[in-house]
């Protein structure tokens with residue numbers, strides 16, 4: 001074919017695909033070719049060709065593409081460039097095969113360019129679709145999906161150096177492996193997820209009870225296995241990639257944040273560095289599933305579910321695993337009543353529900369201690385307000401707390417998960433405030449008078465509800481939007497909230513993370529804790545957008561010395577007499593008669609308020625906000641220990657506090673010195689080069 005004929009053929013294809021059409025025929029059935037059907041709404045009148053071969057090929061090509069016209073018409077009328085038209089229209093073809101045939105006849109350079117463009121578009125669309133599908137799932141659906149994946153998974157102890165390919169080939173004999181990853185915790189471990197539970201049964205059939213010399217083995221067949229590799233491992237054996245399960249240190253966080261260009265980027269990168277990974281969440285659900293195998297020996301229909309930080313989207317790497325022994329399924333099947341004769345199980349009876357819970361947890365705790373592989377340090381804490389069993393799971397490295405029938409806590413986890421999904425700024429602000437509080441010992445993993453992470457999260461939610469316009473709705477609003485299927489009453493407490501996120505309409509609030517962080521410190525630096533409580537259920541009057549703390553004087557020693565004596569300001573909470581004479585009163589979202597911060601004393605609250613005021617003042621200083629001035633800067637500067645110098649109380653003796661102006665001035669001077677040393681060091685390095 002001559003070059004002129006080839007050029008003419010390409011013009012015909014372009015005209016066929018992108019010329020405007022008067023109407024769009026139905027794709028079913030396939031319409032006949034427009035060349036042979038005069039009544040077709042689309043006619044093609046090719047000019048007279050030089051030879052019959054060219055005309056025949058043009059007719060054949062148009063006939064091949066005629067069955068796709070309905071799809072092509074939907075994306076026709078494009079008035080952009082030809083390359084852009086191809087990039088969009090490719091999405092309307094059914095499969096890549098149609099597009100490959102369409103590219104037949106194009107010049108090689110053009111065909112390669114179109115193919116690379118559409119192949120780049122495909123994964124973007126698939127990722128967006130997958131993300132949208134995941135976000136559309138309810139909290140319960142996500143938990144059930146993860147729990148089902150855990151029941152198809154095993155945890156295997158591996159040699160330090162392992163051939164990953166041989167390892168997977170061996171496991172694949174028992175079924176298809178959907179997913180796997182390696183991690184380190186008192187040795188190398190692998191989490192392997194199969195596609196079917198039958199694969200787990202097949203794997204366990206080929207697994208042996210180990211022969212132990214001078215000891216006796218407890219013949220409990222769990223899904224925690226050990227891989228015995230015959231022969232010696234080669235020193236040149238490639239190491240598999242191990243997933244990190246530990247949180248970064250404060251030094252690593254400071255270094256990471258210092259490299260960012262804005263405070264917003266700092267808070268976003270902090271969330272990415274601290275949040276639970278997909279692998280870590282999968283491991284947590286697997287640990288719950290392994291414990292369920294033990295409890296199932298006594299209660300076959302029970303379910304052990306994780307709650308708290310593991311599932312509420314605010315979990316940090318290294319946090320504990322809170323579990324619930326859910327027996328509701330057993331009680332539900334026992335409530336079926338039919339006509340005529342019926343049977344009932346003979347059961348033991350306890351004096352109260354609490355006594356029955358204590359008895360069940362006592363037996364489960366003993367079984368975990370005696371039969372649970374990898375479970376050490378088991379403690380039965382049965383006299384607490386919420387009885388629990390505490391233990392360490394060495395193969396995963398998790399500290400675990402097991403309670404029973406604590407359904408209100410599960411509903412609180414769902415509430416926080418919902419708030420975290422409504423706006424990404426919620427999670428960024430919560431992670432940042434928690435990191436700031438832990439750096440200054442406001443929170444602690446040891447029980448005591450400290451503010452808990454749950455209390456801090458509720459305080460952040462309450463602050464975001466007070467914005468103008470509010471960023472988060474109140475709990476009562478979520479109850480109003482709930483449907484009949486969302487109705488939930490637990491032990492007389494109305495725990496109804498909407499589960500469908502699409503029903504929630506948020507107001508437009510464009511505050512940056514930097515602004516929200518600064519005003520969070522201002523908000524609680526001036527909050528009237530002596531008379532007001534924090535309640536995320538009810539609507540209250542919004543506070544002033546900028547508190548008087550914004551222009552904190554340089555000599556602020558007299559203000560910081562009495563942090564609870566706050567100046568007059570707009571209403572920022574439930575201005576009511578606190579039901580209890582506690583320093584901090586945060587109402588439980590669902591059990592409204594409880595104070596979740598009852599443990600916090602006045603000293604710890606004073607430290608919190610003083611730190612909020614100092615942090616708010618620091619975030620107003622140009623030296624802190626300017627990246628080129630000091631290092632670390634921005635939010636990283638708030639994590640330095642010198643910020644809280646002299647504000648803590650380490651003994652009962654009263655000590656004379658150093659004036660706040662001196663403390664802050666010393667901090668800024670030290671930051672300037674560090675920043676100058678860094679600049680000088682870089683200058684000397686450049687000059688030496």
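In full-length UniProt numbering, the protein residues as written are 1 to 689. Glycine residues also receive a C-beta, built at the ideal position from the N, C-alpha and C atoms.
Measure how close the beta-carbons of residue i and residue j come, nearest whole angstrom, since I'm counting them as under 8 Å.
i	j	result
residue 498	residue 478	5 Å
residue 327	residue 404	7 Å
residue 379	residue 391	7 Å
residue 413	residue 312	4 Å
residue 264	residue 512	6 Å
residue 268	residue 440	Actually they are not in contact, since the Cβ atoms of residue 268 and residue 440 sit about 22 Å apart, beyond 8 Å.
residue 227	residue 282	Rounded, the Cβ-Cβ distance is 19 Å, inconsistent with contact.
residue 397	residue 185	4 Å
residue 702	residue 221	Because the chain spans 1 through 689 in this model, residue 702 falls outside it and cannot be assessed.
residue 200	residue 152	6 Å
Rounded to whole angstroms, what's the CA-CA distance from residue i to residue j? Just pull it up for me.
i	j	result
residue 416	residue 636	26 Å
residue 442	residue 175	49 Å
residue 243	residue 280	9 Å
residue 615	residue 363	49 Å
residue 395	residue 249	22 Å
residue 618	residue 516	15 Å
residue 320	residue 215	32 Å
residue 183	residue 634	34 Å
residue 719	residue 375	This structure cannot speak to residue 719, because the chain is shown only from 1 to 689.
residue 445	residue 585	21 Å
residue 247	residue 627	25 Å
residue 171	residue 159	16 Å
residue 769	residue 419	This structure leaves residue 769 out entirely; the chain is present only between 1 and 689.
residue 526	residue 583	15 Å
residue 163	residue 239	8 Å
residue 578	residue 409	23 Å
residue 533	residue 510	27 Å
residue 487	residue 589	16 Å
residue 252	residue 492	47 Å
residue 624	residue 255	15 Å
residue 356	residue 402	15 Å
residue 469	residue 600	31 Å
residue 137	residue 622	44 Å
residue 720	residue 177	In this structure the chain extends from 1 to 689, so residue 720 is not present and cannot be described.
residue 229	residue 262	50 Å
residue 345	residue 389	28 Å
residue 348	residue 180	43 Å
Between which two residues does the beta strand (DSSP E) holding residue i run?
i	result
residue 758	The first residue shown for the chain is 1 and the last is 689, placing residue 758 beyond what the model contains.
residue 183	177-184
residue 388	388-393
residue 197	No beta strand (DSSP E) holds residue 197; the alpha helix (DSSP H) holding it covers 197-205.
residue 155	153-158
residue 261	Note, residue 261: premise wrong, no beta strand (DSSP E); not H, not E.
residue 400	398-404
residue 536	Unbroken run through residue 536: none, as it is neither H nor E.
Between the options, which lies nearest to residue i when the distance is taken from Cα to Cα?
i	options	result
residue 298	525, 408, 436 and 368	368
residue 433	372, 611 and 308	611
residue 438	259, 377 and 607	607
residue 145	193, 157, 161 and 169	193
residue 302	289, 312 and 310	289
residue 424	471, 447, 308 and 448	471
residue 591	359, 307, 467 and 411	411
residue 294	270, 227, 274 and 366	366
residue 323	386, 488 and 173	386
residue 399	310, 457, 641 and 535	310
residue 195	452, 154 and 186	154
residue 483	465, 467, 514 and 502	502
residue 430	315, 620, 278 and 208	315
residue 317	273, 346, 222 and 345	273
residue 287	149, 259 and 167	149
residue 457	393, 494 and 536	536
residue 620	604, 638, 605 and 603	638
residue 693	530, 407, 371 and 381	In the structure as shown, the chain begins at 1 and stops at 689. Residue 693 is therefore absent and cannot be evaluated.
Any heavy atom of the ligand FMN closer than 7 Å to the Cβ of residue i?
i	result
residue 481	The model on display carries no ligand, and the ligand FMN is accordingly not part of it.
Using a beta-carbon distance below 8 Å, is residue i in contact with chain D?
i	result
residue 299	Looking for chain D here will not work: only one protein chain is present.
Just curious, the alpha helix (DSSP H) that residue i is in, first and last residue?
i	result
residue 340	Premise fails: residue 340 is in no alpha helix (DSSP H) and is neither H nor E.
residue 280	278-295
residue 307	Residue 307 -> not in any alpha helix (DSSP H); beta strand (DSSP E) instead, spanning 303-307.
- Task: Go through the region 407-471 residue by residue and report every complete run of the alpha helix (DSSP H) that reaches 4 residues or more, in order.
- Result: 407-422, 424-439 and 453-465
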